[in-house]
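Just so you know, the numbering used here puts 34 at position 33 of the sequence shown, and the rest follows in order with no gaps. Beta carbons: idealized from backbone N, C-alpha and C, even for Gly. Only a predicted model underlies this, so the values are computations on that prediction, with no experimental measurement involved. See structure below.
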Amino acid sequence: MTARQEIVRHHQVIERWLSGEPGQGFEEFDRAHAAAFTLTGPDGRTLEREQVMRQVRGLRGAMPGLRIEIREVRVVAEAGPLLVAAYQEWQEGGARRSTAVFQRADGELRWLHLHETWLHEPA
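Structure, rendered in structure tokens:
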């Protein structure tokens, strides 16, 4: 799987979960993250994996009709099992530039760290 494929796939899972689409289980989102996953949000706060899982789990159906567009994916660096990619995430009301660190495991890319910065803050 390429970085672009994983980033797009993962955001489709997020879209379905937050939209409340039937048949979308939380396990697919959970499984994509490495045990040591951290997220630094646009506000500068860093969350540990369990904090992110708890927040996202509670948001099922909170954004009906959500659509996320991924733009400008590029691999920044790759060494051994680690891959760093940058991309833009666009959705109604805001856009973010993100940098993700992935760890290869069992032929898949697991999210190890994500850092987000506002391009356009939500209204």
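Near residue i, which residues of its chain fall below 6 Å by C-beta distance, leaving aside the five closest residues on each side in sequence?
i: E7; result: L110
i: R105; result: P82
i: R98; result: Q89, T118 and L120
i: H116; result: T41 and T100
Give me whichever residues DSSP pairs with residue i in a beta bridge.
i: V102; result: V85 and H114
i: G95; result: Q92
i: H121; result: A96
i: E16; result: Bridge partners of E16: none, in fact.
Could you give the DSSP three-state label for residue i: helix, strand or coil?
i: Q25; result: coil
i: E90; result: strand
For residue i, which residues of its own chain have a beta-carbon under 8 Å away from its beta-carbon, when the five flanking residues on both sides are left out?
i: A78; result: L84 and V85
Near residue i, which residues of its chain fall below 7 Å by C-beta distance, leaving aside the five closest residues on each side in sequence?
i: A35; result: Q104, R111, W112 and L113
Ranges of the beta strand (DSSP E) found wholly within the stretch 33–83, counting only runs of at least 3: 34–41, 47–49 and 69–80
Stretch pair the stretch 69–77 + the stretch 45–55: three plus CB contacts closer than 8 Å: no
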